[in-house]
Every structure is written in C-alpha cells, then in structure tokens.
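To convert, note that position 135 of the sequence shown is 328 in our numbering; the numbers rise steadily by one, no gaps.
Even for Gly, the Cβ is constructed at its ideal location relative to N, Cα and C.
Just so it is clear, the structure is predicted and the values come from calculations on it, not from any experiment.
Please read the structure below before turning to the comments.
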Amino acid sequence: MASQPVTSHLLPTYARVDLAFERGEGAWLTATNGERYLDFTSGIAVNALGHAHPHLVEALTTQAAKLWHVSNLYRIPEGERLAARLCDATFADKVFFTNSGAEALECAIKMARKYQSVSGHPERFHIITFEGAFHGRTLATLAAGGQKKYLEGFGPVVEGFDQIPAGDIEAVKRAIGPQTGGILIEPVQGEGGVRVIPASFLKGLRQLCDQHGLLLIFDEVQSGVGRTGELFAYQKSGVTPDILSTAKGIGGGFPLGACLGSEEAAKGMTAGTHGSTFGGNPLAMAMGNAVLDIILAPGFLQHVRDMALLFKQRLAELQDRFPQVISEVRGEGLLIGLKAVVPAGDLVNALRDEKMITVSAGDNVVRLLPPLIIGEEEIATATGAIERAAERLTRAVKEARGAAS
C-alpha cells in the first residue's frame, strides 16, 4: 500500500500506510472501505482491552458528562484512588501521572537524579542504560536510548547516560563510577526486538544497585499492565525496582502514563520539583481505574498467560514448518516477537494482505501485540493468517532462488 499522500498537512514524520479505520470492536478493526482486520498491534500495545470495551466506554462517557479538567492545583479524588490501587498492587508508595511513556521516563530520570542530590551526592546524575533500548522521543529519553538514527540532527546529546551491552554484568560493574546514580532498563525490550532480559541479569543489577547506593529503574511502558501475564514484568522476574515507568496499556487507549517510586526513591520529589498541566486529569483517571477494574479482576491475568501459552505453541509449529520465513519465537506473555528470515517488513505486509495488522521492531522482528482479551478463536484466525502469509513468502523465496540459479 502507498505511503501517506503528499498533500497531507501533517508533519511527515511517519511513513503511514494508506489505510484508515473508522471503528473497532474487541480485537477487530473496520477500515473506511468496510474491510475487517484482525488487530494484533493494539495501537502498539496501547489498546490492552481491545476496541470499544463496554466498561471503558461507560467509564469515559460517564466522566465526560461530569468533568474533564481542573488542573493539579486541586485534589483529584479519582487520581488518588488510581495511585492507591497501583501502589497496593506493586512495590510502589508514590505515583506521578503523565500523558505518555516519554513523560513517565522523564519523571523517572528526574526522580533518580533528585534522590541522589538530596542524599548528598549531586554529582551522581549519570544513569547506565543498555544497547537496543528505546525510552522515548524527548531529548533526554533519546539520549537514554542512545540510538544514533533517532539522535542525528538534534544537536548535542543530553549528558548523563552511559550505554553498555545488555546482559553483560561485568560491563555494568566497569561502567559504575563516582557519577553513577542509577541503572535504567526495560525488562523486555519491545522496540529493540522483543528481547527478554534474563532474570539472572536483572538480579545482578539489583545487587549492584544495593551495593553502590544506586536506584534501579524499570521501563515498563510496553511490558506493563498485564502484557506479560503479570501486572508488571518485574513481578515475573522476582526483581523489584526502585522506580518504574509505564504508559500505553494503562489507559486502554486514552493517553496516560505513570511513574511509580518507593518512598525512599521519591523523597526528593517535593512540591514544585515536577509538574504537568494535563497529567492525572479526571478523564484519564477514570480510564485508568476502569482498566484496572478488568486487569485486576480474578482470573484475568491467568487468561493472558493461558492464551500466551496456546499462541506460542501454535507459533512454534509454524516456525518448524516455515524455517525460511521464521527463525525464532520470542517474548513474554502476549508481547511476542517473530524473528524473521525474510525482511520483517515483508512479513508485516503479507500479514496485512491477510487482513491482520502487526508491527515491526528492531533485530528484524515482527511484533504480535494482540488485545489481552483475545480468545482461542482469535488465536486460530491469527495462526491461519500467519500460515498463509508464510506459505506465500516461502514460495517467493524459492522462486527467487530458482531464478538466481
């Protein structure tokens, strides 16, 4: 399909597919031309409960009829309730609400730096980060991610981030210096290729942080809110961070992010040290609470784990059958990556031709990010689409080889 028409007045920062949707229900989207697509992108892990979930629709419309915005100059009871629920379900004692993942990461970076400053170590403003990471598009989070393709052309890189290879604990030890104040990592690198960081490495980071007085920061913007089969991925690893940033699925499609911290880690974030005009607004808080109503309901996360196991079994069978297209199935829960042999974009396009939408990632990976509400029927439909796409791509590979010989 063609890219976005050149007549558009939108800033051309996206190579958009010439495809638009007008409505959705559950795991399905209906395009403006009436065709239905199985949505295994979920707005890049945002629509955790699918499209037009009745509970979310009711929460949004009820709140919209009452109050949209008052600013953080006043108490917002639903925000206090959402913060309390997040703290009750996690390690955290304090929460700051944002509008996006990048803002949640900015808050985490500031919290870590401020902690060291009020602890008598203002020189400890450096944070160790890891290759393959993606933490956002602000100048600071771009520097934390360290990917040259995103940094190029935006002037001097923000100081204070020391990037090293993921998985090398000895490299982490060498990187720790008198200016180091924290370590920032994604338990599962989403944009970087659905790379699962081993729990043993995360435990090693926790030990180093405890040993050197550093804060351990987890970026769970993509892996959080049930995506891995736990509320947050850290709960699967058994490693507790000091600060955690999340977004995407927490609003069920409504812009919402959050930075969670322990009492100790957040001790420097006093009145006036941070703020947001729209963060924590009543509409967003209504949506966050509605999402937690579903995610934290008895049996929901077990359903995610069950569907993930079933889907991965089906995908492993396809990997065995189509080794010229798929070389590996990776990921946690319903954050799944297909390591492609063919260009990942070719597989994404072939799946879209089968009326299934997916999204590529680094390391030549196709991400499968279905709504967490999917059942066996959607998994069967997705498996069939992947099978047909793989068959066509396999034939194309064989034909190309035949022509070359």
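Write down the C-beta distance between residue i and residue j rounded to the nearest angstrom, noting that I regard them as a contact closer than 8 Å.
i	j	result
LEU540	ALA582	7 Å
THR433	GLY450	That pair is no contact at about 20 Å.
GLY140	MET462	With the chain covering only 194 through 598, there is no way to say anything about residue 140.
VAL552	THR234	5 Å
LEU408	ALA305	5 Å
ARG585	ALA543	6 Å
GLN372	HIS319	4 Å
HIS476	ALA257	The residue you asked about is not His; residue 476 is Leu in the sequence shown. Yes, they are in contact, since the Cβ atoms of LEU476 and ALA257 sit about 7 Å apart, within 8 Å.
Compute the distance between the beta-carbons of residue i and residue j, then report whether it is under 8 Å.
i	j	result
CYS300	PHE284	no
THR587	GLN512	no
LEU528	ALA297	no
ASN240	GLY465	no
PRO324	PRO358	For the record, residue 324 in the displayed sequence is Glu; it is not Pro. Closer than 8 Å, so yes.
GLY524	VAL414	no
GLU218	ALA252	no
PHE354	THR322	yes
LEU565	GLY375	no
LYS441	ARG229	no
ALA459	ASP286	yes
PHE214	LEU203	no
GLY417	PHE327	no
ARG507	THR421	no
LEU437	LEU453	yes
GLU569	LEU503	yes
GLU571	LEU212	no
LEU275	ILE487	no
ILE567	MET500	yes
Apply the 10 Å Cβ neighbour rule to residue i and answer buried if 16 or more other Cβ atoms are within range, or exposed otherwise.
i	result
ALA195	Confidence is the limiting factor: at ALA195 the pLDDT is only 49, short of 50, which leaves the residue's position unreliable, though a coordinate-based value still follows. The residue in question, ALA195, is exposed, as its Cβ has fewer than 16 Cβ neighbours within 10 Å.
ALA483	buried
TYR207	exposed
VAL558	buried
THR255	exposed
SER618	A question about residue 618 goes unanswered here, because the residues of the chain that appear run from 194 up to 598.
PRO247	exposed
GLN400	exposed
PRO315	exposed
ALA337	buried
GLY329	buried
ASN292	buried
LYS341	exposed
TYR308	buried
ARG560	buried
ARG317	buried
VAL497	buried
SER455	buried
PRO270	exposed
Mapping the DSSP letters down to three states, classify residue i as helix, strand or coil.
i	result
VAL590	helix
ALA195	The predicted position of ALA195 is uncertain, since its pLDDT is 49 and thus under 50; no value can be drawn from it.
HIS262	coil
ARG317	coil
ASP539	helix
ARG585	helix
VAL311	helix
SER520	strand
ALA168	Since the first residue of the chain shown is 194 and the last is 598, residue 168 is not available in this structure.
Does the beta-carbon of residue i, which I'm using as the reference point, lie nearer than 7 Å to any heavy atom of the ligand PLP?
i	result
LEU275	As far as ligands go, the structure on display features none, and thus does not contain the ligand PLP.
- Item | Ranges of the beta strand (DSSP E) found wholly within the segment 337-385, counting only runs of at least 3 | 354-357 and 373-378
- Message: My parser needs the beta strand (DSSP E) runs of 3 or more residues fully inside the segment 416-446; what are they?
- Response: 436-439
- Identify every run of the beta strand (DSSP E) within the segment 226-280, keeping only runs that are complete inside it and at least 3 residues long; order them along the chain. 229-232
- Query: At what residue ranges does the segment 449-516 contain a whole run of the alpha helix (DSSP H), taking only runs of 4 or more?
  - Reply: 475-488 and 493-514
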